[in-house]
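Asker:
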Amino acid sequence: MALDNIRLEVMNTVEKQVDDFIEKYLIPVEDIWQPTDLLPNLQGENYMDQITQIREEAKELEYDFWVVLVADMVTEEALPTYESWLMDMEGVEQHGKMRGEENAWSKWVRHWTGEENRHGDTLNKYLYLSGRVNMREIEKTTQYLINDGFDIGTGRDPYKNFVYTSFQELATNISHKRVGQLAKKKGNKMLGKMCNIIAGDEMRHYMAYREFVKTIFEHDPSEMMLAFHDMMKKKIVMPAQFLRESGQGIAEAFENFSNAAQRLGVYTTYDYIEILEKLNGYWEIDKMRSLTDEAEKARDYLMKLPDRMRRIAGRMAIPEDQYTFKWVEANGRL
Numbered sequence: 003m004a005l006d007n008i009r010l011e012v013m014n015t016v017e018k019q020v021d022d023f024i025e026k027y028l029i030p031v032e033d034i035w036q037p038t039d040l041l042p043n044l045q046g047e048n049y050m051d052q053i054t055q056i057r058e059e060a061k062e063l064e065y066d067f068w069v070v071l072v073a074d075m076v077t078e079e080a081l082p083t084y085e086s087w088l089m090d091m092e093g094v095e096q097h098g099k100m101r102g103e104e105n106a107w108s109k110w111v112r113h114w115t116g117e118e119n120r121h122g123d124t125l126n127k128y129l130y131l132s133g134r135v136n137m138r139e140i141e142k143t144t145q146y147l148i149n150d151g152f153d154i155g156t157g158r159d160p161y162k163n164f165v166y167t168s169f170q171e172l173a174t175n176i177s178h179k180r181v182g183q184l185a186k187k188k189g190n191k192m193l194g195k196m197c198n199i200i201a202g203d204e205m206r207h208y209m210a211y212r213e214f215v216k217t218i219f220e221h222d223p224s225e226m227m228l229a230f231h232d233m234m235k236k237k238i239v240m241p242a243q244f245l246r247e248s249g250q251g252i253a254e255a256f257e258n259f260s261n262a263a264q265r266l267g268v269y270t271t272y273d274y275i276e277i278l279e280k281l282n283g284y285w286e287i288d289k290m291r292s293l294t295d296e297a298e299k300a301r302d303y304l305m306k307l308p309d310r311m312r313r314i315a316g317r318m319a320i321p322e323d324q325y326t327f328k329w330v331e332a333n334g335r336l
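This note's numbering puts the last residue of the sequence shown at 336; the count rises by one with no breaks.
Right under this line is the structure:
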């Protein structure tokens with residue numbers, strides 16, 4: 003049987019469990035939080051006091067912090083790209099063969115997208131109310147990021163795509179959680195709570211995607227191992243890899259954003275390594291048997307990769323010079 007057909011057969015098999023995954027890892031619309039729950043209620047009598055509080059607390063946050071928060075928000079706002087990419091995977095059908103029939107994978111993608119959509123909404127409104135950033139420049143960056151799309155090296159292969167989402171959801175959990183912790187330390191309880199709740203969503207999504215991969219390992223271990231190996235050998239690129247400001251070429255802003263995140267300790271090379279170790283451990287790749295020779299070699303590579311990356315990371319220097327972004331103008335420095 004052709005490789006693509008095997009993957010499609012496995013996706014069809016796992017699809018029978020998708021409704022259970024939705025029930026376990028996603029929250030119904032009527033029960034989940036909404037951005038308005040975390041932001042000033044403009045219909046309330048004291049909304050101006052709440053906005054004033056946001057603006058006063060915002061003064062305590064440093065320049066790199068705003069750069070990272072903006073880039074995190076823009077990454078979340080590029081959601082149309084992520085949904086269209088997931089909808090294009092082998093095994094995901096947007097329309098059933100019969101009227102009224104719904105493919106469970108497309109249902110998962112839509113429900114996941116609905117939850118993720120709240121994150122950009124929340125952070126966007128907070129940034130607007132803070133008065134510390136140039137929203138028009140940020141809006142241009144968001145539009146550019148959606149226009150430019152992204153290439154994460156997965157093609158339409160669901161095995162590779164689910165490795166990517168497993169990794170990336172945990173990375174965003176770490177980033178949002180750390181940003182929230184930094185905000186809280188500066189006395190910004192509202193933003194701290196906001197980021198912490200968003201991080202909680204990302205953790206649930208991570209748990210779901212890693213479960214998809216674990217289930218695929220049970221049905222097609224050698225090919226799943228090769229897909230995992232391929233993604234880690236290429237390296238997991240961030241969704242914001244093509245980030246740019248107005249007047250820049252594609253991807254020109256990403257490195258400066260990444261440097262700011264590393265200086266703050268929000269997301270570092272060591273976090274990347276630890277995520278890989280967690281995935282190796284959860285999927286128990288060291289215990290897998292009956293692999294093809296090629297898959298055995300792939301497994302050995304993945305087991306050795308964290309230590310190899312640590313040796314390289316120890317020799318890497320993080321630039322200390324701050325780059326001045328149009329998003330957060332120089333006169334906004336504290």
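From the three backbone atoms N, C-alpha and C, an ideal C-beta is built for every residue, glycine too. None of these values were measured; they are calculated from a predicted model.
May I ask you to report which of helix, strand or coil DSSP gives Ala105?
Answerer: One detail in the question is off: residue 105 reads as Asn in this sequence, not Ala. Coil.
Asker: Just to check my reading of the structure: Leu266 and Val70 have Cβ atoms closer than 8 Å, yes? What is that Cβ distance to the nearest angstrom?
Answerer: The Cβ separation is near 6 Å, so the contact holds.
Asker: Measuring alpha carbon to alpha carbon, tell me which of Gly182, Lys299, Gly251, Met192 ends up nearest Val268.
Answerer: Cα-wise, what sits closest to Val268 is Gly182.
Asker: Where does Val69 sit, in a helix, a strand or coil, going by DSSP?
Answerer: Looking at Val69 - three-state DSSP - the assignment turns out to be helix.
Asker: Please name the residue, chosen from Ala80, Arg206, Glu213, Asn126, that lies closest to Ile148 on a Cα-to-Cα basis.
Answerer: It is Ala80.
Asker: What is the DSSP secondary structure of Val330, reduced to helix, strand or coil?
Answerer: It is coil, neither helix nor strand.
Asker: Mapping the DSSP letters down to three states, classify Met100 as helix, strand or coil.
Answerer: Here Met100 scores only 48 on pLDDT, less than 50, and its place in the model should not be relied on; the value that follows carries that caveat. In this structure, Met100 counts as coil in the three-state DSSP scheme.
Asker: Would you mind reading off the limits of the alpha helix (DSSP H) that contains Glu216?
Answerer: The question names Glu, but residue 216 is Lys in the sequence shown. Here the alpha helix (DSSP H) through Lys216 covers 191-221.
Asker: By the DSSP assignment, the alpha helix (DSSP H) with Phe256 in it spans what residues?
Answerer: That run of the alpha helix (DSSP H) goes 256-266.
Asker: Does the Cβ-Cβ distance between Lys162 and Ala229 come in under 8 Å?
Answerer: For Lys162 and Ala229, yes; Cβs fall inside 8 Å.
Asker: In whole angstroms, what separates the C-alpha of Leu40 from that of Ile34?
Answerer: About 12 Å.
Asker: Using a Cβ-Cβ cutoff of less than 7 Å, which residues in the same chain neighbour Asn119 once the five nearest sequence positions on both sides are dropped?
Answerer: Correct list, in chain order: Leu81.
Asker: Suppose you measure from the CA of Ile8 to the CA of Lys142; what does that come to, to the nearest Å?
Answerer: In a straight line, the C-alpha of Ile8 is about 42 Å away from that of Lys142.
Asker: Is it true that the CB of Pro241 sits closer than 8 Å to the CB of Met13?
Answerer: No.
Asker: Taking the continuous alpha helix (DSSP H) assigned at Asp21, which residues delimit it?
Answerer: That run of the alpha helix (DSSP H) goes 20-27.
Asker: Among Asp222, Tyr272, Leu172, whose alpha-carbon lies nearest the alpha-carbon of Ala210?
Answerer: Among Asp222, Tyr272, Leu172, the Cα nearest to that of Ala210 belongs to Leu172.
Asker: Using 8 Å as the Cβ pair cut-off and three pairs as the minimum, do the region 315-326 and the region 251-265 touch?
Answerer: They touch, by the three-pair rule.
Asker: Three-state secondary structure (DSSP) at Trp285?
Answerer: Trp285: coil per DSSP, three-state reduction.
Asker: Find out if the Cβ-Cβ distance for the pair Ala60, Ser132 is shorter than 8 Å.
Answerer: Their beta carbons are under 8 Å apart, which means Ala60 touches Ser132 by this criterion.
Asker: If contact is defined by three or more beta carbon pairs under 8 Å, each pair taking one atom from either stretch, is the region 290-300 in contact with the region 198-210?
Answerer: The region 198-210 is not in contact with the region 290-300.
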